[in-house]
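Numbering (the working numbering), first residue to last: 1 to 251. For each residue, glycine too, the CB sits at the ideal point set by N, CA and C. Predicted, not measured: the structure shown is a model, and the values here were computed from it. The block underneath contains the structure these notes are about, expressed in structure tokens.
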């Protein structure tokens, strides 16, 4: 949840001209609640960088009257509470960041620059205020619904960019400020958002086996929190077309 972690150009202006034919891409197999077994609170209670790494390849799934959408995470960023200059919690507790100080496993959703929403998973001990920003992923269920949502918010050109960037990911999943505080530890089907770990879901990546996990400075973070040696806290899966490009912070 960087203060400058996503740029205003995360959405292109204008409406989509329609969905092109992505050669060979068809609708993936459905992800059911049964493939998303409950994740214990203790899994989220760990240090933020450990949780961030283990979230890569995990699947986030939402249910709504429109239908389900599931995203396999390919890129995340870690923000570590009071000792991280880029964290919303760096200057203490506030009405905006209250969810960061709750028990781990809850969502912290905020509106960035008044333009779009960013979705974070709270980690660590209660009061620690660490969280992982969900930056990008591959839509593995509900592609048509994700496409319609994205087209309603701006231009969309391919399946690759359906959830490429935190704002796009939030739109594709249908998540906004109303999901702030949602509990990922509730059993699937009892909450609008579910999380399944990569080892349990069995979803194949779009391009076969992906490479190792890479790390680097966080996108859009400036000043003290941008030091690539102190804060290489952006993590992504090598070889994934959905991973975003790095942009340095502007403030």
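Quick check on residue 144: buried or exposed, where buried means 16 or more other Cβ atoms within 10 Å of its Cβ? exposed
Look at the alpha carbon of residue 233 and the alpha carbon of residue 131, and state the distance between them as a whole number of angstroms. 11 angstroms
Check whether the Cβ atoms of residue 151 and residue 116 sit closer than 8 angstroms, and answer yes or no. no
C-beta contact flag for residue 218 and residue 128 at 8 angstroms: no
Return the bridge partner residues of residue 110 from the DSSP annotation. 118
May I ask you to report which of helix, strand or coil DSSP gives residue 75? strand
Does the stretch 99 to 108 come within contact of the stretch 239 to 248, defined as at least 3 CB pairs closer than 8 angstroms? no
Going by the DSSP bridge assignment, what does residue 131 pair with across the sheet? 79, 122
Among 85, 109, 45, 173, which one has its Cα closest to the Cα of residue 96? 109
At 4 residues or longer, and completely inside the stretch 162 to 193: list those alpha helix (DSSP H) runs for me, N to C. 166 to 173
State whether the stretch 43 to 57 contacts the stretch 117 to 124, with contact taken as three or more CB pairs (one from each stretch) at a distance under 8 angstroms. yes
Would you mind sorting residue 240 into buried or exposed? The rule is 16 or more other CB atoms within 10 Å of its CB. buried
For residue 124 and chain B, any beta-carbon pair shorter than 8 angstroms? The chain inventory of the structure shown lacks chain B, comprising one protein chain alone.
Would you tell me roughly how many angstroms separate the C-alpha atoms of residue 72 and residue 213, rounded to the nearest one? 15 angstroms
Comparing alpha-carbon positions, which option in 192, 242, 193 lies nearest residue 158? 242
In angstroms, rounded to a whole number, what distance separates the CA positions of residue 182 and residue 111? 16 angstroms
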